[in-house]
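Read through the structure below, which is laid out as structure tokens, and then see the notes.
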Amino acid sequence: MRKIYRWFFIGLCLLNTPLSADDNKKGVIAVVYPTELNPAKANIIADVVKGIQSVLPNLSVIVYDSDHPDLQDRLDKIHPDKVIALSKQATVVTQETSYRDKLLCGLYYFQANHCGGVSLALDGAELLRTISELLPKTKRLFLVYENSLVGVAIPKADLRSPITLQNIPAKDTIEVIKLLGNLIENTARPIEDVVVIPPNLPEDIMFKVLASAWDKHITLTSTNLGHLEYGVLMTTVPDPYEMGRQLGKLALQPKLSWQAALTSKSALNRLVSRHLGFDFPESGKDSFFLRIK
Amino acid sequence: MKRPTSKNIEQTYYRDLLFSLLILLTLSVFLVGLAIAKYSHDQSTRYWESYASIFASEVKYPLILHSSIGIANSAANFTDRKNVIAAVVYDENGQQISPNNSSLICHDEKNTWLMELFPSSQDLFCVRQPIYQSINNPSDQTTKNKIGTVELIISQQENAALMNKIWLVLVLFVATVLLAAYYIIRKQSGFLTNTIVQMIKVLRNFKNNEPNNRVTFSGSDDLDQMRDTFNDMLTSIERNEEQLEQAVILKTKELNQALAGSQAANRYKTNIMATVSHEMKNPLHSILFAIELLFEAIPRKQEKYLTYCEHYQRSKLLVHDLVRSIDAILFNAKLSASEYHKNSTRFLFVDLLNECLLNNQVLCQKNQNTMISKGDKSLWVQSDRQLLRYIVDNLLNNAGKFTQGGNIELSWHQSQHSELIIEVKDTGCGMSQQDIEIIFEEFRQIDMSLTRKYQGFGLGLAIVRQSAQLLDGHIAVDSAIGKGTLFKVGLPNPLPLIETGHNAA
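Sequences listed follow chains A and B, in order.
Position one of the first sequence corresponds to residue 11 (the working numbering), numbered consecutively onward.
Position one of the second sequence corresponds to residue 620 (the working numbering), numbered consecutively onward.
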């Protein structure tokens, strides 16, 4: 029995020693982002940072001035082992420093070949889960997107979901509009079909698409929170705090890998829901973190 | 040329003033109209460009979807707008998509300023806007892609109506201002023109020698000063004019007195000369007669007969010379007093020449000159015989007097211009150009000294010139010192050569 305890103790020591050494080695992790004047964006960034800090309490936070980014000097003072850049601009600025190899990206849309980190693209499985939970009558989910900007990470494996996911990729914006328009005009059916519009759909086209969908009672959703005001039924966006945690955990891994946002939260446009005939109870523990109109 | 009255001047002044005002107002109104038209056109263009932009934005979605119905509906929505005649959509290749049956064509030519000024309700105004769609590139940059064009064809009817109203208002404004100006000028004309009209009136009276005309207008200090200065100027001019007139009268009087004195002296001189000559001539005839009697009384066998004969001839010659000189003085006085009356007769010219040659024969022999005469001996002349005789006689006498042992050639002929040409040429002492200028003056000789070589009064050539002038002829002299002299006289002879020949026959 003593042997067992002794080996257990030795095992613990062995397990603990490398961990402690690894912690010391990756002990300095910095998060970098520009000064944000927009309160909504500033709140999102703050939530992400909180999420990261919940995993990495010793996180070094560097907020730089966009006009005078003295990032190299500031990073040199702390010599971080990993640098988490929040926003595309922060990524670009960090890539100009000598810490470009230790970069983790976050809070914008990017692909795996571009940078390691957590993209704003929502995990497809998470999206399907949310849709099936919130819109149980859905049979088909149409995913229209531009190849250069993927708002939803398409799951490779069979998700065993009652909803059929249909990818509709397009080479450019014009094709996106064309495919989306034809989809709404001709293919999509009310209630049972849900169309996810691309997050970068031009504003002037957005009105036309929404008007057309409104007339035909087609359910539109988006991964861009801003689209909610225009008139999509709901938007499903990554949860900033959870995304922060996801980033923190990723920073602890030795390999810099790419991940989609694995957790989401949704917002609802009540006017559209009324028009489409969906009934969402106004309960306390709500599925929607935001309801407008 | 009819002179304008002071009323006409005022009317002309008012007319010019109104005309100037009309031009000024018309120009101003035209410029204002131009500015309004330009502003209106620019605003209209801007408005319709914005409208076309909205149309382009509206039609973009159905155009991307290639939805003919959507495009047609959008175009129809925009055609419903007032003044929009057609809303046309073209694809990126410029092919018209909607409407299919539009027969309206929008020309690219720009509106001229005249069309902007006076738009016609028939005019069309076209606005085009491209349709762009932003495309995201892989490099995260956005480019604009042209996917088509929209075109609005707009009627100018409303714009034309507006401009017509504006022009009407402006024309009414001009008319009102002109009427007001006309009224003011009519009522307040004196205020505007009194000064000028008064000055013109006074100046005209002044020009017509109406004295004591002065302007009386008054007003501001400047006007009063101008009035006083103007009146002072007129007074000064009048005073200077009076002084000038007095001076002219005085000078005229003096000149008249001098002229009268001169004429009286001339007449007195002529009378004296004539009287003296006449009183001298009568005793000379008596002397000549007495000499003749004395010569007849001398016995021819007397020893000194030849000597007496020589004295007789010399005395007779001297008396003849004296008579000839007195005759010259008398004839010159007669010519100077314009008391000679021409008497034109027809005669054989050679007869007159023979008389003259005979007269000068003695002088010619005395000076040992050879006299040669050549010319048409059958030539008949119609002229004053006495004057012609004086001319030839004096010229021969002059040549004989100033030629010693030389030749004197008298020639004559009738020119083709019905002119009798008489030439007297000698080989005498000749004279300089300066001398030629004085030889025709009365009582002038080249050598005026008492010890001069050639005697005479200096009247011969003066009589020749006066006689030639009286006969409407002319005289010319060609001479050089030591080389002789040529006098050439041209006198009109109305008798043609044929007639002279006939008469001669």
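No residue lacks a Cβ here, since even glycine has one placed at the ideal position from N, Cα and C.
As the structure is a computational prediction, the values presented were derived from the model and not from experiment.
Cβ-Cβ separation, B:ASN951 to B:ALA1081 (assumed contact under 8 Å), whole Å = 6 Å
Per DSSP, A:GLU156 forms a beta bridge with which residues?
-> A:LEU159, A:ALA180
Residues of the region 197 to 222 of chain A whose Cβ lies closer than 7 Å to any Cβ of chain B, in chain order = ASN210, PRO212, ASP214, ILE215, LYS218
Is B:LEU637 helix, strand or coil by DSSP?
-> helix
From B:GLN1085, B:VAL651, B:GLN882, B:LYS1044, residue whose alpha carbon lies closest to that of B:VAL793 | B:VAL651
Boundaries of the alpha helix (DSSP H) in which A:SER97 is found, first to last residue = No alpha helix (DSSP H) holds A:SER97; DSSP gives it neither H nor E.
Of the choices A:ILE207, A:PRO250, A:MET253, whose alpha-carbon is the least far from that of A:TYR240?
-> A:ILE207
Name, please, each residue of chain A whose Cβ falls closer than 9 Å to the Cβ of B:ALA766.
-> According to the sequence as given, residue 766 of chain B is Ile; it is not Ala. ILE184, listed in chain order.
Does any residue of chain B bring its CB to less than 9 Å from the CB of A:ASP33?
-> Only weak support exists for where A:ASP33 lies, its pLDDT of 44 falling under 50; the coordinates are left without a value.
So, is the C-beta of A:GLU292 closer than 9 Å to a C-beta in chain B?
-> no
When the Cα atoms are used, what is the spatial distance from A:MET244 to A:VAL58?
-> Using only the alpha carbons, I get a separation of about 22 Å.
B:ALA799 versus B:THR664: straight-line alpha-carbon distance, rounded = 38 Å
For the putative contact between A:ASN192 and B:LEU684, defined by C-beta atoms under 8 Å, what is the C-beta separation to the nearest angstrom?
-> Taking 8 Å as the upper bound for CB-CB distance, A:ASN192 and B:LEU684 are in contact here, some 7 Å apart.
Residues sharing a beta bridge with A:GLN269, DSSP | DSSP output for A:GLN269 lists A:VAL128 as bridge partner(s).
Where do the ends of the alpha helix (DSSP H) carrying A:PRO200 lie?
-> Looking at the DSSP string, A:PRO200 is not in any alpha helix (DSSP H), and its letter there is neither H nor E.
Which residues mark the beginning and the end of the beta strand (DSSP E) in which B:ILE1058 is found?
-> Neither: B:ILE1058 is in no beta strand (DSSP E) and is coded neither H nor E.
Can the beta-carbon of B:CYS975 be found less than 9 Å from the beta-carbon of B:LEU1015?
-> Using a Cβ distance threshold of 9 Å, B:CYS975 and B:LEU1015 count as a contacting pair.
Residues of the region 668 to 679 of chain B with a CB closer than 9 Å to any CB of chain A: list them in chain order, please.
-> Along the region 668 to 679 of chain B, the positions whose C-beta sits under 9 Å from a C-beta of chain A are SER676, GLU677, LYS679, read in chain order.
What is the C-beta distance between A:PHE152 and A:ASP203, in whole angstroms, given that I count them as a contact (C-beta under 8 Å)?
-> Between A:ASP203 and A:PHE152 the Cβ distance is about 7 Å, and since that is below 8 Å, they are a contact.
Hey, out of A:ARG139, A:ILE164, A:LEU144, whose CA is closest to A:LEU278's CA?
-> A:LEU144
Spatial neighbours of B:ALA1112 in its chain, beta-carbon cut-off 7 Å, leaving aside the 5 residues before and after | Correcting the residue type first, residue 1112 of chain B is Asn in the shown sequence and not Ala. Counting only Cβ-Cβ distances below 7 Å, and skipping sequence neighbours, we find VAL1000, GLN1001, SER1002, GLN1033, SER1037, GLU1038, LEU1039.
Over the uninterrupted beta strand (DSSP E) stretch that includes B:GLN752, give me the two end residues.
-> Membership of B:GLN752 in the beta strand (DSSP E) is indicated by the continuous run 743 to 755.
Taking A:LEU159 as the query, report the chain B residues whose CB atoms sit under 8 Å from its CB, ordered along the chain.
-> ASN755
Min CB distance A:GLU156 to chain B below 9 Å | Residue-level contact check: A:GLU156 touches chain B, since one or more beta carbons of chain B fall below 9 Å from its beta carbon.
Host alpha helix (DSSP H) of B:GLY689 (start-end) | 687 to 698
Anticipated Cβ contact below 8 Å, B:LEU1160 with B:GLY1019, distance rounded = Because residue 1160 of chain B is not part of the residues shown, which for chain B are 620 to 1124, the question remains open.
Do the CB positions of B:LEU1007 and B:LEU971 come within less than 9 Å of each other?
-> yes
Taking only the alpha-carbon atoms, compute the straight-line gap between A:ALA40 and A:VAL103 and give it to the nearest angstrom.
-> 14 Å
What did DSSP end up calling B:GLY1109 once you bin it into helix, strand or coil?
-> strand
How about B:HIS685: is its C-beta nearer than 9 Å to some C-beta of chain A?
-> The beta-carbon of B:HIS685 is placed less than 9 Å from the nearest beta-carbon of chain A.
Kindly confirm or deny that the region 666 to 678 of chain B and the region 687 to 700 of chain B touch, where touching means at least three C-beta pairs closer than 8 Å.
-> yes
Beta-bridge partners of B:TYR966, as assigned by DSSP | Strictly speaking, residue 966 of chain B in this sequence is Phe, with Tyr absent from that position. DSSP, once it has assigned bridges, lists B:VAL1000 as partnering B:PHE966.
In DSSP terms, what A:CYS115 is bridged to = Answer is A:ALA95, A:GLY127.
If we cut at 9 Å on Cβ distances, does A:GLU195 have a partner in chain B?
-> yes
For B:GLN576, does the three-state DSSP call read helix, strand or coil?
-> Only positions 620 to 1124 of chain B appear in the structure, and residue 576 of chain B is not among them; the question remains open.
Rank B:ALA691, B:MET990, B:TYR632 by C-alpha distance to the C-alpha of B:PRO718 and give the top, closest one.
-> B:ALA691
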